[in-house]
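Chains A and B, in that order, give the protein sequences.
Reminder that position 3 of the first sequence reads as 3 in full-length UniProt numbering, one-by-one numbering, no gaps.
Reminder that position 10 of the second sequence reads as 10 in full-length UniProt numbering, one-by-one numbering, no gaps.
All C-beta atoms in this analysis are idealised placements derived from N, C-alpha and C, irrespective of residue type, glycine included.
Everything numeric in this text was worked out from a predicted model, so none of it was measured.
Protein chains: 2
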Amino acid sequence: MTTEKIAGVSVATRANVYFDGKCVSHGITYPDGTQKSVGVVLPATLTFGTGAPEIMECVAGSCEYRLAGSDAWLAAGPGDKFSIPANSSFDIRVAEAFHYICHYG
Amino acid sequence: MTTEKIAGVSVATRANVYFDGKCVSHGITYPDGTQKSVGVVLPATLTFGTGAPEIMECVAGSCEYRLAGSDAWLAAGPGDKFSIPANSSFDIRVAEAFHYICHYG
């Protein structure tokens with residue numbers, strides 16, 4: 001099961017645009033103040049850094065990702081999640097589109 | 001004043017990707033069932049068709065737009081809105097980014 005909708009949240013109307021638009025997300029805030037984002041990575045190979053730890057949840061499409069310090073590219077598809085430690089990074093390569101929810105902390 | 005956040009809504013986690021990613025939006029649904037979307041148009045000149053009438057509200061960045069049947073390019077910036085009739089189209093050209101809320105009906 002993938003998470004198709006997130007209800008009862010506040011959405012930032014201004015998008016976050018990364019890597020010349022290869023990644024676009026919108027921030028969401030829950031009533032308790034928790035912040036997440038919903039976004040998409042388009043065909044590209046990119047490296048993202050983290051501040052807070054992140055959990056990337058695939059809701060549609062797919063990607064391959066490689067955590068900092070690892071040689072292994074791992075696949076993620078709908079319903080899969082992967083975790084990235086704080087102050088780290090990961091490489092991601094996307095062939096079509098990778099739709100995600102990013103959970104922080 | 002621009003609309004920075006939209007509270008109390010449900011957000012579709014899967015993005016709508018148009019024109020190879022030159023336009024990316026996420027659908028939102030209000031508790032009464034009203035649907036809108038929040039999105040961004042990246043640097044490009046594009047033509048969008050409408051089914052239902054639309055009101056485009058600029059929340060950040062800017063664009064120039066030209067409604068079907070018009071020769072005039074008009075500018076829209078933060079806080080500006082423009083309306084497109086049903087079953088029509090408009091051209092939009094964006095130099096940096098155009099962040100918007102699309103209201104239907």
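Distances from the CA of GLY27/B to each of GLY21/B, GLU57/B, PHE19/B and LYS36/B were compared; the closest alpha carbon is that of LYS36/B. Contact annotation: in the region 23-48 of chain B, residues whose CB is within less than 8 Å of a CB in chain A are VAL24, HIS26, ILE28, THR29, VAL38, GLY39, VAL40 and LEU42.
Taking the Cα positions, VAL9/B is about 39 Å away from GLY69/A. Put simply, the CB of LYS5/A is near chain B, with a gap under 8 Å to one of its CB atoms. For PHE48/A, same chain residues with a beta-carbon under 7 Å away, outside a window of 5 residues either side, are SER89, PHE90 and ILE92 in chain order. Considering only beta carbons, the part of the region 89-102 of chain B lying closer than 9 Å to chain A consists of ALA97, HIS99, TYR100 and ILE101, in chain order.
In terms of CA proximity to VAL17/B, VAL38/B leads the group LEU74/B, VAL38/B, GLY33/B and GLY105/B. In the three-state DSSP reduction, ASP80/B falls in the coil class, being neither helix nor strand.
Around the Cβ of TYR30/A, a 10 Å sphere holds fewer than 16 other Cβ atoms; the residue is exposed. Per DSSP, the beta-bridge partners of ASP91/B are THR47/B and ARG66/B. Going by C-alpha positions, ASP32/A is about 16 Å away from LYS5/B. Judged by DSSP in its simplified three-state form, GLY21/B adopts helix. Looking at the DSSP output, LEU74/B sits in a beta bridge with TYR65/B. Non-local C-beta neighbours of THR50/A in its own chain, meaning closer than 8 Å and more than five positions away in sequence, comprise ILE84, PRO85, ALA86, ASN87, SER88, SER89 and PHE90, ordered along the chain. Secondary structure of TYR30/B (DSSP, three-state): coil. For GLY39/B, the enclosing beta strand (DSSP E) starts and ends at 35-41. Under a criterion of Cβ atoms nearer than 9 Å, the residues of chain B adjacent to SER10/A are, in order, LYS5, ILE6, ALA7, GLY8 and VAL9. Taking each of ALA97/B, GLU96/B and CYS102/B in turn and checking the Cα distance to PHE82/B, the smallest one comes out for CYS102/B.
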